[in-house]
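**Q** Under the working numbering, think of the first position of the sequence shown as 162, with each following residue one higher.
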Amino acid sequence: MTRVLVVEDDAQLARALVINLQARRYVVDAAPDGATALSLAASEPPDVLIVDLGLPDMDGIDVIQALRRWSRSPVLVLSARSGSEDKIRALDAGADDYMTKPFSMDELLARLRAATRRAAEAPPLEPVAGGQVSTDDFTVDLVAKKVKRVDRDVRLTPTEWHLLEILICNPGRLISQRRLLQEVWGPSYSTKTNYLRVYMAQLRRKLEADPSHPRYLITEPGMGYRFEP
Ligand code: CA
Numbered sequence: 162m163t164r165v166l167v168v169e170d171d172a173q174l175a176r177a178l179v180i181n182l183q184a185r186r187y188v189v190d191a192a193p194d195g196a197t198a199l200s201l202a203a204s205e206p207p208d209v210l211i212v213d214l215g216l217p218d219m220d221g222i223d224v225i226q227a228l229r230r231w232s233r234s235p236v237l238v239l240s241a242r243s244g245s246e247d248k249i250r251a252l253d254a255g256a257d258d259y260m261t262k263p264f265s266m267d268e269l270l271a272r273l274r275a276a277t278r279r280a281a282e283a284p285p286l287e288p289v290a291g292g293q294v295s296t297d298d299f300t301v302d303l304v305a306k307k308v309k310r311v312d313r314d315v316r317l318t319p320t321e322w323h324l325l326e327i328l329i330c331n332p333g334r335l336i337s338q339r340r341l342l343q344e345v346w347g348p349s350y351s352t353k354t355n356y357l358r359v360y361m362a363q364l365r366r367k368l369e370a371d372p373s374h375p376r377y378l379i380t381e382p383g384m385g386y387r388f389e390p
């Protein structure tokens, strides 16, 4: 049984979401504003949240930020705001995914399933079991700081390693360009997206079977990067 909290002030849309989710056997709570959302999330902790950004009492981004102080449940933003700045702000606040309105219900349901599956398999921010992450093509040992491809060691520069570590420790999660730049290079580099492009290309050359069609290190254009386990 998966509990979903729908945070949406558009009553018609909220109703459509509730009906569609209940039809797929989700347990659904709905909140028309941020304050209700936070108190509901505390009393009936949801497994996943769908959050609108334009709410009557507070910004959805502030709801996510407040929630992230005590909850790791995945947050899927559903917003009319399509600017990349809004997407980045939402992701930096702790959202896991972002969809723009108008949206397809099927896509929303697919992303919801993906978010809950990822949360069940590998909760974000939790240490990875045994310090090892294995894919079909490479193995990363987070403790020994070593990467192996089939049977040979892969040498990474400290910058490549740092970048890979952040992505690997957040499996499936979209990490914003700004967060990666700030964590790896420092706060004054938060707009140097060309650095990321260069280093991600290097990582793909070292780790991906087909670097031009990456399977693990995925680009979300204009937003950030994702490690798909
Ligand atoms: Ca709204």
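Cβ coordinates follow ideal geometry from the N, Cα and C atoms, glycine included.
With 16 other CB atoms within 10 Å as the buried threshold, where does R230 fall?
**A** Classification of R230: exposed, given that the 10 Å Cβ count is below 16.
**Q** Per DSSP, which one or two residues make a beta bridge with Y259?
**A** Its beta-bridge partners are V238.
**Q** Is L214 near A192, with beta carbons less than 9 angstroms apart?
**A** No, the pair does not count as a contact, with Cβ atoms beyond the cut-off.
**Q** To the nearest whole angstrom, what separates the beta carbons of L324 and L341, a pair I think is in contact under 8 angstroms?
**A** Contact holds; Cβ gap of about 6 angstroms.
**Q** May I ask which residues mark the beginning and end of the beta strand (DSSP E) holding A305?
**A** Premise fails: A305 is in no beta strand (DSSP E) and is neither H nor E.
**Q** Classify G385 as buried or exposed, calling it buried when 16 or more other Cβ atoms lie within 10 Å of its own Cβ.
**A** Buried: at least 16 other Cβ atoms inside 10 Å.
**Q** Spatial neighbours of G383 within its chain, please: C-beta separation below 7 angstroms, excluding the five flanking residues on both sides.
**A** Within the same chain, G383 has close Cβ partners S245.
**Q** Please classify V212 as buried or exposed, where buried requires at least 16 neighbouring CB atoms within 10 angstroms.
**A** Counting Cβ neighbours within 10 Å, V212 comes out buried, since at least 16 surround it.
**Q** Find out if the Cβ-Cβ distance for the pair D208, R164 is shorter than 9 angstroms.
**A** Their beta carbons are under 9 angstroms apart, which means D208 touches R164 by this criterion.
**Q** What separation, rounded to the nearest whole angstrom, lies between the Cα atoms of V167 and D298?
**A** Cα to Cα, V167 sits roughly 38 angstroms from D298.
**Q** Taking the alpha-carbon positions, what's the K307 to P235 distance?
**A** Those two C-alpha atoms are separated by around 29 angstroms.
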